[in-house]
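> Before I ask anything, here is the structure I am working with.
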Amino acid sequence: PKRRAEAPAGTGGNAAKGAPAVRAAASALSMPDLPGDRGMGGGEDDTLWRINPDEFNRRFRHVACAALVREKIDEDAGHLLLSILEITRTHETKVNEERSTPVSEADILANICGGGTRAEIDQMKGVLGRLVADTSELISCVGETHGGANYCVNMRRIVDLIRIKEVEAVVRERFGGPACRIFRLLLLKRNLEQKQIAEMAMIPIKDTRELLYKLLKAEYVQIQEVARTTDHAPSRTFYLWRVELLQVVEQVGRDLYRATSNLRARLIHELSQERETLTLLEHAQDKIANGGKSAVTLTAEQRRNLVRMRTIATRLESSLLRLDELVLIFNVM
């Protein structure tokens, strides 16, 4: 039989602050009873432990959803949404569930307020009302029971908003603010002609054409021909531009994997450049760990190269951590 150690419930507001969420997720370990695991350590009850990646990803997804709501509305809204997801977490069967299971207003308030005062309860009711009324459809009301109205979190919608935010940041970084304005316009309006885009985005037609074809080359936008006649003559054909979010997400996901691979290759290359110096330092540390004394003499050039390598390695590792977060958003959540 398989035994599983679930991470403790009640991460609440602490999880919304980032690092505590990682500590909460760290308890998500599974203990499979694998063939031949008994007696490996000489005992009858030896257990092999392993990481439960699905639980990690689920909790990181919840934290990301709460962070977006906190940024979009306020701190209380992010805390409330995380509390709802904590209540419904055990009912999720997949990491990328589209919606949480419905939970009653009474259960939400009991979990977040506990024995709070009437003023605190009324405040949380107001926050819940703002979440439901938000035009982004973060939370939906799905009927009523004896515990009051039932609510569910539209996790797929929130994840899409997170992805749109990150894609817009990528477009702005690669192609500039006007291109980001065009991209956002096509997300909202779907099919538009080049002239309409130029007028609505308030960008000269020449610049609009150039930016559209740059975005098309990078596969962030698509163009569709709508011919008015069977001969498909350009003068009698509409050329409509649009954004297919799913394809853009897949493209950005591929770009992220490629960038991660390039950064790792660069990090390995930088470390290999100073392999001799690093080997000397490792041997010295081993001697010190074993109770001995060791002094390593480095030349001035070796010291300069070591400082340079450490600086580059720190920057590359920091970039890899950020890319890892984005890979989770675009390829897992």
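This note's numbering puts the first residue of the sequence shown at 1, with every later residue one more than the last. C-beta: ideal position from N, C-alpha, C; glycine also. Quick caveat, the model's predicted, so the values are computed rather than measured.
Is the CB-CB distance between Leu80 and Ile51 below 7 Å?
Their beta carbons are not under 7 Å apart, which means Leu80 does not touch Ile51 by this criterion.
> So the alpha helix (DSSP H) Glu168 belongs to, where does it begin and stop?
Note, Glu168: alpha helix (DSSP H), 155 to 175.
> Could you tell me which of Ala313, Gly126, Arg174, Met124 sits nearest to Leu211, measuring between CA atoms?
When only C-alpha atoms are compared, the closest one is Arg174.
> State the Cα-Cα distance for the pair Gly39 and Val327, rounded to the nearest angstrom.
Only weak support exists for where Gly39 lies, its pLDDT of 46 falling under 50; the coordinates are left without a value.
> Is the beta carbon of Asn57 closer than 7 Å to that of Pro102?
No, they are not a contact pair.
> State the Cα-Cα distance for the pair Asn262 and Leu321, rounded to the nearest angstrom.
Approximately 14 Å, taken between the alpha carbons.
> Cβ of Leu131 within 7 Å of Cβ of Ala77?
Yes, they are a contact pair.
> Using a Cβ-Cβ cutoff of less than 8 Å, which residues in the same chain neighbour Gln247 once the five nearest sequence positions on both sides are dropped?
Taken in chain order, the residues that qualify are Glu219, Gln222.
> Is the distance from the Cβ of Glu137 to the Cβ of Arg157 below 7 Å?
A contact, by the Cβ cut-off of 7 Å.
> Thinking C-alpha only, which one of Arg266, Arg264, Thr297, Thr260 is nearest Glu276?
The option with the nearest alpha carbon to Glu276 is Thr297.
> Assign Tyr151 to one of three DSSP states: helix, strand, or coil.
Note: Tyr151 maps to strand in three-state DSSP.
> Under 6 Å from any heavy atom of the ligand HEM, does the C-beta of Cys180 make it?
Judged by which ligands are present, the structure shown has none, so any question about the ligand HEM falls away.
> Please report the Cβ distance between Leu216 and Met200, rounded to the nearest whole angstrom; I am assuming they are in contact, meaning their Cβ atoms lie under 8 Å.
With 8 Å as the limit, Leu216 and Met200 do not qualify as a contact, their Cβ atoms being about 18 Å apart.
> Compare the beta carbon distance of Cys152 and Val142 with 7 Å and say whether it is the shorter of the two.
In this structure, Val142 lies closer than 7 Å to Cys152 by Cβ.
> Cβ atoms of Val167 and Ala179: under 7 Å apart, would you say?
Taking 7 Å as the Cβ cut-off, Ala179 and Val167 do not qualify as a contacting pair.
> Within a Cβ cutoff of 8 Å, which residues of the same chain sit near Arg264, ignoring the five residues on either side of it in sequence?
For Arg264, where only same-chain residues beyond five positions count, the Cβ hits under 8 Å are Leu320.
> Looking at the unbroken alpha helix (DSSP H) that takes in Tyr239, where does it start and where does it end?
Unbroken run through Tyr239 is the beta strand (DSSP E), 237 to 242; no alpha helix (DSSP H).
> Thinking Ile73 and Asp134 are a contact (beta carbons under 8 Å), I'd like their distance in whole angstroms, please.
Confirmed, Cβ separation roughly 7 Å.
> Name the DSSP beta bridge partners of Leu192, please?
Its beta-bridge partners are Trp241.
> Report the CB separation of Ala313 from Leu267 in whole angstroms; it is logged as a contact under 8 Å.
Going by Cβ atoms, the distance from Ala313 to Leu267 rounds to 6 Å, so yes, they are a contact pair.
> Along the beta strand (DSSP E) that carries Gly143, what are the first and last residues, could you check?
Per DSSP, Gly143 belongs to the beta strand (DSSP E) from 139 to 145.
> Does the beta-carbon of Asp324 have 16 or more other beta-carbons within 10 angstroms, so that it is buried, or is it exposed?
By the 10 Å Cβ count, Asp324 comes out exposed.
> Would you kindly work out how many angstroms separate the C-alpha atoms of Asn331 and Thr117, rounded to a whole number?
Roughly 43 Å between the two C-alpha positions.
> If you measure between the beta carbons of Thr237 and Glu225, is that distance less than 7 Å?
In this structure, Glu225 lies closer than 7 Å to Thr237 by Cβ.
> With DSSP run on the structure shown, which of helix, strand or coil describes Glu342?
Given that the chain is displayed from residue 1 to residue 333, the structure contains no residue 342 and the question cannot be resolved.
> From the DSSP output, in three-state form, read off Ala77 for me.
Reduced to three states, the DSSP call for Ala77 is helix.
> Strictly by DSSP, which residues pair up with Ile223?
Beta-bridge pairing links Ile223 to Trp241.
> How is Ser104 classed by DSSP in three states: helix, strand or coil?
It is a strand residue.
> With a threshold of 16 other CB atoms inside 10 Å of the CB of Ala64, please say whether the residue is buried or exposed.
It counts as buried.
> Measuring only the C-alpha atoms, how far is Glu270 from Gly253?
Glu270 and Gly253: Cα-Cα distance of roughly 26 Å.
> Taking only three categories from DSSP, how would you classify Ala25?
Bear in mind that a pLDDT of 46 at Ala25, under 50, signals an unreliable position, so the model cannot answer this.
> What's the call for Val69, buried or exposed, on a 16-neighbour Cβ count within 10 Å?
Buried, by the Cβ-count rule.
> Let me check understanding here. Comparing Cα to Cα, which of Glu98, Ala198, Lys189, Met202 lies closest to Glu244?
Glu244 has its Cα closest to that of Lys189, out of Glu98, Ala198, Lys189, Met202.
> According to DSSP, simplified to helix, strand and coil, what is Gly115?
Note: Gly115 maps to coil in three-state DSSP.
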